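Quick mapping for you: the protein sequence lines, in order, are chains Y and P. Just so we're aligned: 147 in my numbering is position 147 of the first sequence, and the numbers increase by one with no gaps anywhere. Count along the second sequence starting at 1, add 1000, and that's the number in my numbering. C-beta: ideal position from N, C-alpha, C; glycine also. Source: prediction; values computed, not measured. Here's the structure, in structure tokens; my notes come after.
There are 2 protein chains.
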Amino acid sequence: MTVNIPVLKEVTEANSMLADVLRTRFAEQGVFVLDLIASPGAGKTTLLERTIEGLDGSVRLGVIEGDPHTSIDAERMSAAGVPVVEVNTGGGCHLEARMIQSALGQLGADDIDALVIENVGNLICPTGWDLGEDAKVVIVSLPEGDDKPLKYPMGFLAADAAVINKTDLEPYSPAEVETMRENALSVNPDLEIFEVSCMTGDGVDAWLDWIRGRVAEKRARQG
Amino acid sequence: MTVNIPVLKEVTEANSMLADVLRTRFAEQGVFVLDLIASPGAGKTTLLERTIEGLDGSVRLGVIEGDPHTSIDAERMSAAGVPVVEVNTGGGCHLEARMIQSALGQLGADDIDALVIENVGNLICPTGWDLGEDAKVVIVSLPEGDDKPLKYPMGFLAADAAVINKTDLEPYSPAEVETMRENALSVNPDLEIFEVSCMTGDGVDAWLDWIRGRVAEKRARQG
Chain Y
1 MTVNIPVLKE VTEANSMLAD VLRTRFAEQG VFVLDLIASP GAGKTTLLER TIEGLDGSVR
61 LGVIEGDPHT SIDAERMSAA GVPVVEVNTG GGCHLEARMI QSALGQLGAD DIDALVIENV
121 GNLICPTGWD LGEDAKVVIV SLPEGDDKPL KYPMGFLAAD AAVINKTDLE PYSPAEVETM
181 RENALSVNPD LEIFEVSCMT GDGVDAWLDW IRGRVAEKRA RQG
Chain P
1001 MTVNIPVLKE VTEANSMLAD VLRTRFAEQG VFVLDLIASP GAGKTTLLER TIEGLDGSVR
1061 LGVIEGDPHT SIDAERMSAA GVPVVEVNTG GGCHLEARMI QSALGQLGAD DIDALVIENV
1121 GNLICPTGWD LGEDAKVVIV SLPEGDDKPL KYPMGFLAAD AAVINKTDLE PYSPAEVETM
1181 RENALSVNPD LEIFEVSCMT GDGVDAWLDW IRGRVAEKRA RQG
């Protein structure tokens, strides 16, 4: 947002303070927290379905679904068999720490190993809001075009990992996976990058390994 | 935005007042103004390239490019041979009327028939900001998934027309053009819908006819 910066700064500072409170709580519980950021239709929810399927109960997941209007995604998570709470932002363009705090009260996060927050579909606004997460992951789908990391760098700068999704469409799209990877790394050389097709399952295993590793690491640091 | 509503309301009211000033100016000049809204990678810039190519000088276009960071799109417009001004929002998530006013000063909009404003790639935030346009057009690409009009209805509600792009990917994607169309019309039954592939050129002619019609209509009302 470019409007009323002083007020917005106050709001984001209050948000960061609350995010730190949440982060302390997650550390005490040993819960690994992931904030998924992407444009609408990049495949956040489908990746989550594949993740739940692939982990097959070996990591106990909870999900917070941020959506501007419908409950479509929360219903898909519920059907996939994980505890889920929806945050309906009523048209709002991102999640904030206070929404996560409210949602946690309804989720019962005490017996999960990892919390995945699916942010509102928006590659810009969610990137600046700390939700108390351990890692942000940005998902970008190949048909969006391989220049997207350059054009919307904020999410790639803020993220620990990037998932390049819908790689199965490479033969039919002018975009190239390799160029997308190079562009993402040119914005943030520290990114872990996963090339994935949620349709064919290609590349999902490496992503699952990364999740398992981060969950184990968090649990080891608990207390 | 869900934060600081009173301040934001003041800002949007000031925006609407300025948008009305711009609208009066465009009416006097007989310039048709289009606000293009879409997620990153839906194909706004490529549709514009096809539009410039297809109109082939029969409609004199000017373009304002809204981008959060790079000049990639403005350079593509310049290469396509139309006058273009870039508004770099510095990470901001939408365009506002004051940005259009500034950009017009640099564009020299006196000898154009139509002004196309390519908004920042974001399906949420740009929908609520009046830029003095005659019509908003929302572009959604098929691989984003045919549920997107339901999940992100604001753009479809605010728009006069919707372009369903990348229809050539239908055989390779779980999404269906017909379902996308039905979902868009269920949100806004008054939408004109164009099914387009900017890759193959399919459907572009109907879109060009619509532009020509709206430009002629605006010119006829001039003065």
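Non-local beta-carbon contacts of P:GLY1090 in its own chain, meaning distances under 6 Å to residues more than five positions away in sequence, are absent. Your pair Y:ASN88 and P:ILE1124 does not check out as a contact, with CB atoms roughly 13 Å apart and the cut at 8 Å.
Between P:PRO1153 and Y:SER39, the C-beta gap is not smaller than 7 Å, which leaves the two residues out of contact.
In the structure shown, the three-state DSSP call for P:GLY1128 is helix. Annotated as proximal: Y:GLU195 and Y:VAL177, with beta-carbon spacing under 7 Å. Contact of Y:LYS9 with chain P by beta-carbon distance below 7 Å is absent, the smallest such distance being about 11 Å. At a cut-off of 7 Å between beta-carbon atoms, Y:SER39 makes contact with chain P. Taking 7 Å as the threshold, the shortest C-beta distance from Y:GLU144 to chain P falls below it. Counting every other CB atom within 10 Å of its CB across the protein chains shown gives Y:GLN29 a total of 16 or more, marking it as buried. Counting only Cβ-Cβ distances below 9 Å, P:ASN1088 has no contacts in chain Y at all, with the closest Cβ about 11 Å away.
Within chain P, LEU1150 and LYS1151 have C-beta atoms less than 8 Å from the C-beta of Y:THR70, given in sequence order. When Cβ-Cβ separations below 7 Å define contact, P:ASN1119 makes no contact with chain Y. Annotation for Y:ILE164: the continuous beta strand (DSSP E) segment containing it runs 161-165. Measuring C-alpha to C-alpha distances from Y:ARG50 to each of Y:ARG23, Y:ASP35 and Y:ALA206 identifies Y:ALA206 as the nearest. In this structure, the straight-line span from the alpha carbon of P:ALA1027 to that of P:LEU1018 is close to 14 Å. Within chain P, the residues PRO1143 have their CB atoms less than 8 Å from the CB of Y:LYS166, given in chain order.
Relative to the Cα of P:PRO1068, the nearest Cα in the group P:GLY1081, P:MET1099, P:ILE1052 and P:SER1078 belongs to P:MET1099. Between Y:ALA135 and Y:ASP160, the gap from beta carbon to beta carbon is short of 7 Å. Excluding sequence positions up to five before and after Y:GLY92, its CB lies within less than 8 Å of the CB of PRO68 and VAL120, all in the same chain and listed in chain order. For the pair P:GLU1086 and P:GLU1065, the Cα-to-Cα distance works out to about 5 Å. Residues of the segment 1113-1137 of chain P that bring their beta carbon within less than 9 Å of a beta carbon in chain Y comprise VAL1120, GLY1121, ASN1122, LEU1123, ILE1124, CYS1125, THR1127 and GLY1128, in sequence order.
Note on Y:THR200: under 16 other CB atoms within 10 angstroms of its CB, so exposed under the neighbour-count rule. When Cβ-Cβ separations below 7 Å define contact, Y:LEU169 makes contact with chain P. Note on the segment 6-83 of chain Y: whole alpha helix (DSSP H) runs with a minimum of 4 residues are 44-55 and 72-79, in chain order. Counting along the chain, Y:GLU182 sits inside no beta strand (DSSP E); it lies in the alpha helix (DSSP H) bounded by residues 177-187.
Taking C-beta atoms as the reference points, Y:MET180 and Y:ASP209 fail to come closer than 7 Å. According to the DSSP secondary-structure assignment, P:LEU1115 is paired through a beta bridge with P:VAL1033 and P:GLY1062. Each residue's CA atom was taken as its position, placing Y:GLU53 and Y:GLY108 some 21 Å apart. The shortest CA-to-CA distance from Y:ARG25 to any of Y:GLU133, Y:ARG60, Y:ALA74 and Y:GLU144 is the one to Y:GLU133. Note: Y:VAL138 is bridge-paired with Y:ILE37 and Y:ALA162 in the DSSP secondary-structure output. Only ASP67, PRO68, HIS69, THR70, ILE72 and ASP73 from the segment 48-79 of chain Y bring a Cβ to less than 9 Å from some Cβ of chain P. DSSP places Y:GLU144 in the helix class (H, G or I) of the three-state scheme. With contacts defined by Cβ atoms closer than 7 Å, Y:LEU169 and Y:PRO143 form a contacting pair. Contact of P:ASP1035 with chain Y by beta-carbon distance below 9 Å is absent, the smallest such distance being about 17 Å. Using a Cβ distance threshold of 7 Å, Y:LEU115 and Y:GLY62 count as a contacting pair. By the Cβ neighbour-count rule, Y:SER141 is buried, with 16 or more other Cβ atoms within 10 Å of its own.
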